[in-house]
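Report on one structure; see the data block that follows.
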Amino acid sequence: MSDFPSTARVVIIGGGAVGTSTLYHLAKAGWRDCVLLEKNELTAGSTWHAAGNVPTFSTSWSIMNMQRYSTELYRGLGEAVDYPMNYHVTGSVRLAHSRERMQEFQRAKGMGLYQGMDLEILGVDDIQAKYPFLETHDLKGALYDPADGDIDPAQLTQALAKGARDMGAKILRFTPATGVSRENSEWIVHTEKGDIRCEYVVNAAGYYAQRVGEWFKPYGGRTVPMMVMSHQYLLSEEIPEIMQWSAETGHKLPLLRDVDVSYYLRQEKNGFNLGPYEQNCRAHWVNPADPMPEDFSFQLFPDDLDRLEHYIEDAMARVPLLGTAGISKVINGPIPYAPDGNPLIGPMPGVPNAFEACVFTFGIAQGGGAGKVMAEWITEGQTEWDMWSCDPRRFTDYTDNALCVEKGMEIYGHEYGMHFPWKSWPAGRDRKVSPVDDRIRAMGGQMGAYNGWERANWFAQAGDDTSLEATETWDRAGPWEARIREECEAVRDGVGVLDLPGFSRYSLSGAGAAEWLRGMISGGLPKIGRMNLGYFPDSRGRILTEMSLVRHGEDAFTLITAGSAQWHDFEHLKAHLPAGLTLSDETLGYDTLIVTGPKSRDLLSSIGEADFAMPWLSHQRAKICGKNVMLARVSFAGELGWEVHARDADMPEIYDAIIAGGAKPFGMWALNSLRLEKGYRAWKGDLSTDYTLYQGGLDRFIKLDKPQDFPGKAALAAEFQRGPSKRFVTLLVDAKQADAPYMSTLWHDGQVVGETTSGGWGYRVNASIALGMLRPDLAEPGTEVEVEIYGERCRAVVQADQPLWDPENERLRA
Ligand SMILES: Cc1cc2nc3c(=O)[nH]c(=O)nc-3n(C[C@H](O)[C@H](O)[C@H](O)COP(=O)(O)OP(=O)(O)OC[C@H]3O[C@@H](n4cnc5c(N)ncnc54)[C@H](O)[C@@H]3O)c2cc1C
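As structure tokens, this is what we get:
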């Protein structure tokens, strides 16, 4: 083929809504020398048969951002690229059957408002004004989203494709990619029609993404964590009443979602489209007996209506008009799921210059935003919004096929489920356990999964309600509350122990390691024998990550970071690592205990040989129960304390001795409360790429006068001159039943003036605490603002820029 492109900057594999949106956004960013390969016709995967619903609703800030952006893009797209299409902005009514659901809606409304949208809470009596054919007697209320609607997915894809082509990008249809190889830091994407050399590759292969992902394994890749569900919707025959209503009003009915029952119901022409997410759901192609076909382009699964009976009946009771018409058509198609239901958008773990934009469950609603995000990753190496919720590196080595299937089925069956802060979903658990897991559970540990590692959230006592149902609340109160208090008080008054398996740790060494690190972080390095926090900015001065830097020698370090940051942080270091330095991930094989409280020294010195007089932020190799350990004199709980790092094999004996010595086990929820009282930031809440280091109040970790030109230095220097646009604050909140969740809006004089980044109850200070970002002129201590917590405005007062508990760190230094 003469016009076959043998080179390109970017090759995208997959021509669904997401791949074409990526191509469109790359071209818009000026990257026109890009090629999209589609093995069949555009849309041949999941896109052609999608229902095309385009909601903005999400309780995730970043997903809402993506979906909001999609709606804004789609409104103007037809005109922008001269490709008219069917996009109906009908609004939607989302029904609530419980107080908790109304609280969820209130939270989404607050976030939506902050993103410039006008979501509206409807009382039961208001619902029929929006949706006349509905039974409302058993409802609590509803949420109205005026931006919701539906789009023709094929037209959307063609419009994006036209826009991209018009800007110079190329689309090769009927051109399957057959493999990749790498030569001289370039990718070669193989097709049946020839090879294309390129700088970057994007896996946008939809439900085929795992298959395409296999090609990258020789270059450091892993199995793409995903599975495939079958998802159905039914189209009804025409219904005269709907035809008449639409003719009279001049528009379609709003999209209806009965999320507590788990279906949507949409007007399709003059009938209905009913789409349930059923609990009795069905996975496909997940075991060798049911292999994925080589090609499934434009194909569907056979109808399977029995599974949907309950939902059809429920919908007919809710909207009796539905029962007046027969079913005219059933669509049953493949839909891919990642283990948390969010897509994979971002760097392909372990592989240079390769990206993923795949495994979309809502790729029509998210496709517009996803294309923007993907193009930013490629062209700038960073994204406007923090996109950790979709970052492929959030899944690490625990996502085997069985886990993907279990989690996919769980999420599909609870597609509209509420994600309560206390609820640990049961599927796909016990993948990675601590060497003292048996002891933790025997003492009542109620477990949660953190990067696949099981850790105790709290310790129940006999008679406590440990059922899943008890966790289905946004409120602070629950069986755990008294126990968290006891755990915090033990840490305050005596000594507590928290087992923290899966704390990520890397070893860094080699001549020049210290100098290299100085060029990566904004602040200074610890002296040998000491440790401190290092902040890694991106080129905009935003917070990529935070690590504890433990210095063993001139050029020898252990770097410790959050469990969930394991792959993210390792890849960040590796991507910049100069030749001659050695970096290795030492997470496996070690376990960590936090032993903290005023009596921790007495306890540890009774079973250990170490210098327990060494100061705060020191570390040493020592022995506990005769076993080799590293002791780090730090405490995320903000009391006298040590982290005990030991080999897995040695930990049971050490743990038993610590418990026998009188330590009370405490869990992650107590730790969260304790750290809030100290103003210690948590990664991907308080610390994220949504904020610069100055906004995050990390001034004392920024050394603009050091010689190293660390990433973001110039941006931070400029920000220092003009002053940050937000300031990190600690607030004491007159909260009622619930404490402030992430992204609760802050109000002043009737205006939104900031947001919380985390919140919870402090049991040592006996108050509700929120950490957040506030307009700088309001960040003065004593300023009164309001925090909107699940729709309720609560008075909050800005606190001095110091920890609420032990402001001088005297207890830590004791
Ligand atoms: C019944 C049903 C209803 C749905 N309704 C909605 C909805 O209302 N709203 C919503 O947002 N989402 C909906 N979805 C989900 C939506 O369809 C998907 O999330 C979306 O289509 C994914 O788009 P994509 O571009 O990621 O993948 P796909 O559309 O699957 O595109 C991937 C493309 O990659 C191509 N490809 C694969 N391998 C290769 C290769 N080796 N070389 C070249 N090309 C390759 C495939 O041919 C395919 O065209 C629905 C799904 C189903 C099943």
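Using the numbering used here, you'd call the opening residue of the sequence shown number 105 and step up by one each time. Glycine is no exception: its CB is placed at the ideal position from the N, C-alpha and C atoms. No experiment lies behind these values; they were computed from the predicted model shown.
Annotation for K476 indicates a beta carbon at 7 Å or more from all heavy atoms of ligand 1. Three or more pairs of CB atoms, one per stretch, sit closer than 8 Å, so the segment 677 to 695 contacts the segment 611 to 625. By alpha-carbon distance to D362, the top candidate from A121, P811 and M206 is M206. Set against 7 Å, the gap from the CB of G472 to the closest heavy atom of ligand 1 is not smaller. T793 and D673 do not touch by the CB rule: their CB atoms are close to 13 Å apart, not below 8 Å.
At least 8 Å separates the beta-carbon of T834 from that of S848. With respect to the C-alpha of H680, the residue from Y694, G123 and E619 having the closest C-alpha is E619.
The beta carbon of C898 sits closer than 6 Å to the beta carbons of V837, D838, A839 and V891 from its chain, once the five residues preceding and following it are set aside; these are given in chain order.
Residue burial is scored here from C-beta neighbours: A821 has fewer than 16 other C-beta atoms within 10 angstroms and is therefore classed as exposed. Under DSSP, A736 takes part in a beta bridge, and its partners are H723 and E747.
Pairing D407 with I439, the inter-Cα distance amounts to about 15 Å.
Taking a contact to require three or more Cβ pairs closer than 8 Å, the segment 336 to 349 and the segment 469 to 479 do not qualify as touching. CA-CA distance, A351 to Q371, rounds to 13 Å. Note: D299 is bridge-paired with H294 in the DSSP secondary-structure output. The beta carbon of Q903 sits closer than 8 Å to the beta carbons of V833, T834, L835, L836 and P885 from its chain, once the five residues preceding and following it are set aside; these are given in chain order.
Looking at the DSSP output, M333 shares a beta bridge with A387 and I439. Runs of the alpha helix (DSSP H) spanning 4 or more residues and lying entirely within the segment 207 to 243 occur at 228 to 234, in chain order.
In the three-state reduction of the DSSP assignment, N377 falls in the strand class. Using a cutoff of 7 Å, the CB of C385 does not count as near ligand 1, since none of the ligand's heavy atoms is closer than that. Unbroken beta strand (DSSP E) runs of no fewer than 3 residues, entirely contained in the segment 859 to 911, are found at 871 to 878, 888 to 893 and 896 to 902, following chain order. When the five nearest sequence neighbours on each side are left out, the beta carbons in the same chain lying within less than 8 Å of the beta carbon of A429 are those of S340, E341, E342, I343, G375 and F376, in order along the chain.
Under a 10 Å Cβ-count criterion, R172 is classified as buried, with 16 or more other Cβ atoms of the shown protein chains found around its own Cβ.
Between E142 and L238, the CB-CB gap reaches or exceeds 8 Å. For V122, the shortest C-beta to heavy atom distance toward ligand 1 is below 7 Å. With a contact defined as Cβ atoms closer than 8 Å, S777 and I544 miss out at about 19 Å.
A residue is called buried when at least 16 other Cβ atoms come within 10 angstroms of its Cβ; K631 does not meet this threshold and is exposed. N776 carries a helical assignment under DSSP once its states are collapsed to helix, strand and coil. Comparing C-alpha distances from P280 to each of K297, L359 and S125 shows the shortest one belongs to K297. In this structure, the CA atom of K807 is about 16 Å from the CA atom of L653. Nearest neighbour of R497 by Cα position, chosen from G467, E519 and N555, turns out to be N555.
Below 8 Å, too few C-beta pairs join the segment 389 to 407 and the segment 456 to 467 to call them touching: fewer than three. Check the Cα spacing between G120 and each of I873, S709, P380 and H153: the tightest is with H153. Nearest neighbour of R779 by Cα position, chosen from I698, G730 and A819, turns out to be I698. Sorting D542, T577, A479 and N636 by C-alpha distance to the C-alpha of P525 places T577 at the top. Looking only at R879, S829 and A308, the smallest Cα-Cα distance to D853 is reached by R879. Not one heavy atom of ligand 1 lies closer than 7 Å to the C-beta of A479.
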